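Below you'll find the structure, written out as structure tokens, and then a few comments.
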Amino acid sequence: MKKSLVVLFVLLCFSFANAQMGFDAKNALNYIKIQCDFGARVPNTEAHEKCKNFLVSELKKFTPKVKEQKFTYNDLERKQVLNLTNIVASFGEQKTRIMLCAHWDSRPFADKENPPSQKPVTGANDGASGVAALLEIANYISKHPLKNYGIDIIFFDGEDWGEEGRADKYCLGSEYFSKNMLIESPAYGILLDLIADKNPEYKIEGHSSYFAADIVYKVWQKAKKLGYTEFSDERIGMLIDDHLPFLKKGIPVIDIIDLDYPHWHTLKDTPENCSAQGLFAVGETLLALIYE
Ligand SMILES: [Zn+2]
Numbered sequence: 267m268k269k270s271l272v273v274l275f276v277l278l279c280f281s282f283a284n285a286q287m288g289f290d291a292k293n294a295l296n297y298i299k300i301q302c303d304f305g306a307r308v309p310n311t312e313a314h315e316k317c318k319n320f321l322v323s324e325l326k327k328f329t330p331k332v333k334e335q336k337f338t339y340n341d342l343e344r345k346q347v348l349n350l351t352n353i354v355a356s357f358g359e360q361k362t363r364i365m366l367c368a369h370w371d372s373r374p375f376a377d378k379e380n381p382p383s384q385k386p387v388t389g390a391n392d393g394a395s396g397v398a399a400l401l402e403i404a405n406y407i408s409k410h411p412l413k414n415y416g417i418d419i420i421f422f423d424g425e426d427w428g429e430e431g432r433a434d435k436y437c438l439g440s441e442y443f444s445k446n447m448l449i450e451s452p453a454y455g456i457l458l459d460l461i462a463d464k465n466p467e468y469k470i471e472g473h474s475s476y477f478a479a480d481i482v483y484k485v486w487q488k489a490k491k492l493g494y495t496e497f498s499d500e501r502i503g504m505l506i507d508d509h510l511p512f513l514k515k516g517i518p519v520i521d522i523i524d525l526d527y528p529h530w531h532t533l534k535d536t537p538e539n540c541s542a543q544g545l546f547a548v549g550e551t552l553l554a555l556i557y558e
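All residue numbers for the sequence shown refer to the numbering used here, where the first residue is 267 and numbers rise by one.
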């Protein structure tokens, strides 16, 4: 009797330590494939338009509160006016809110190919992975009532239009959104970028730790408590990414990113080179934060 009680106690402790929220990483991985099947989501292309329509209709399955924020960007050098759209999906009426975001566009050229290629990047990991995780989180929230936090999911357009030496041509969607916020200012935000490498490791990004150290600590502590060793204490430099326009405004948004992806900005950034492992670690960590 005593012995079986001890066994039961040990089993209970084990199951609590490994309590999972139920993030469906397989479905998230499938969301990467669906986006890539449209082709590279380069602004002003048919694939971009089709994928936007898919993202909007998919989000509308999970919440009635979906908005499209349309804007243009005039690229004087490339003589093109880009038609861009940020997509916003809101969940819950709670006053205290968390913003979760990723970019949904693909890079128009593969400048890390050797030699550099003018063909567009499929962007399975660079772009689609973050969107995929957030679509699956939207799906989860639609089935599990929120508690203390309302959630706003934003998919930014035009993140990857930038060129070497032209930092101003990156992050077009987040730059525009930060100046035309369609949502209440969040308590904090989390940006996902390149999260589905086959060997995922999320090091602490410089701008995040400099401007929002408490949020980095909160997220990393949560991940570690849940046993996700993909979150590392190693540091990387300050990156230009979609969190930066918000940090400049004093809104704490951190970047979960794995830059050690060998296929970054190459033609091999395809679904075959992605895995569910990181999607699961990030998805579970985010759900634990959302429902705390
Ligand atoms: Zn990129």
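Every residue gets a Cβ at the ideal spot worked out from N, C-alpha and C, and that includes glycine.
None of these values were measured; they are calculated from a predicted model.
Exercise. If we ignore side chains and look at the alpha-carbon of each, how far apart do E334 and V354 end up?
Worked result: 6 Å
Problem set entry | Every unbroken alpha helix (DSSP H) within the segment 360-431, with a cutoff of 4 residues, ordered by chain | 395-409
Exercise. Less than 7 Å between the CB of H529 and some heavy atom of ligand 1, yes or no?
Worked result: no
Problem set entry | Segment contact flag, the segment 475-485 with the segment 515-523, C-beta cutoff 8 Å, min 3 pairs | yes
For this session: Look at the Cβ atom of D418, then the Cβ atom of S474, and state whether they are nearer than 8 Å.
Result: no
Exercise. What residue from N380, L366, E379 and K385 has the CA that sits closest to S372's CA?
Worked result: The residue with the shortest Cα to Cα distance from S372 is K385.
For this session: Could you check if H529 is buried or exposed, using at least 16 other CB atoms within 10 Å of its CB as the buried criterion?
Result: buried
Problem set entry | For V308, the three-state DSSP class (helix, strand or coil) | If DSSP states are grouped into helix, strand and coil, V308 belongs with coil.
For this session: Could you check what DSSP says for C540 in three-state terms: helix, strand or coil?
Result: Strand at C540.
For this session: Look at the alpha carbon of T532 and the alpha carbon of Y415, and state the distance between them as a whole number of angstroms.
Result: Rounded to the nearest angstrom, the two C-alpha atoms are 38 Å apart.
Problem set entry | Selection from G428, A479 and F289 that minimises the alpha carbon distance to E246 | Shown here, the chain extends from 267 to 558; a query on residue 246 therefore has no answer.
Exercise. Would you call the CB atoms of D459 and L438 closer than 8 Å?
Worked result: no
For this session: Using 7 Å as the cut-off, classify the Cβ of R307 as near or not near the heavy atoms of ligand 1, replying yes or no.
Result: no
Problem set entry | Assigned secondary structure, L277 (DSSP; H/G/I helix, E/B strand, else coil) | Unreliable positioning characterises L277 in this predicted model, as indicated by a pLDDT of 49, which lies under 50. A coordinate reading is not provided.
Problem set entry | Bounding residues of the beta strand (DSSP E) (the contiguous stretch that carries L458) | Y454 to D459
Exercise. If we ignore side chains and look at the alpha-carbon of each, how far apart do N539 and A285 end up?
Worked result: The straight-line gap from Cα to Cα measures roughly 29 Å.
Problem set entry | C-beta atoms of Y297 and E402 nearer than 8 Å | yes
For this session: Name the two residues that bound the continuous beta strand (DSSP E) containing F497.
Result: F497 -> beta strand (DSSP E) spans F497 to R501.
Exercise. Bridge partners of K331, per DSSP?
Worked result: Its beta-bridge partners do not exist; DSSP assigns none.
Problem set entry | Cβ of G389 within 8 Å of any chain D Cβ | Of the protein chains in this structure there is only one, and it is not chain D.
For this session: Could you give the DSSP three-state label for A355: helix, strand or coil?
Result: strand
For this session: Determine, using beta carbons only, whether A306 and V397 come nearer to each other than 8 Å.
Result: no
Problem set entry | Limits of the alpha helix (DSSP H) - the one that Y297 falls within | A291 to D303
Problem set entry | Length of the line joining the Cα atoms of N446 and I420 | 13 Å
Exercise. In chain order, which alpha helix (DSSP H) runs of at least 4 residues are fully inside the segment 468-496?
Worked result: 472-477 and 479-491
For this session: Tell me whether D508 counts as near ligand 1, meaning its Cβ is closer than 7 Å to at least one heavy atom of that ligand.
Result: no
Exercise. Given 8 Å as the limit, is there contact between the segment 427-443 and the segment 365-379, that is, 3 or more CB pairs closer than that?
Worked result: A contact is defined here as three or more CB-CB pairs under 8 Å, and the segment 427-443 meets this definition with respect to the segment 365-379.
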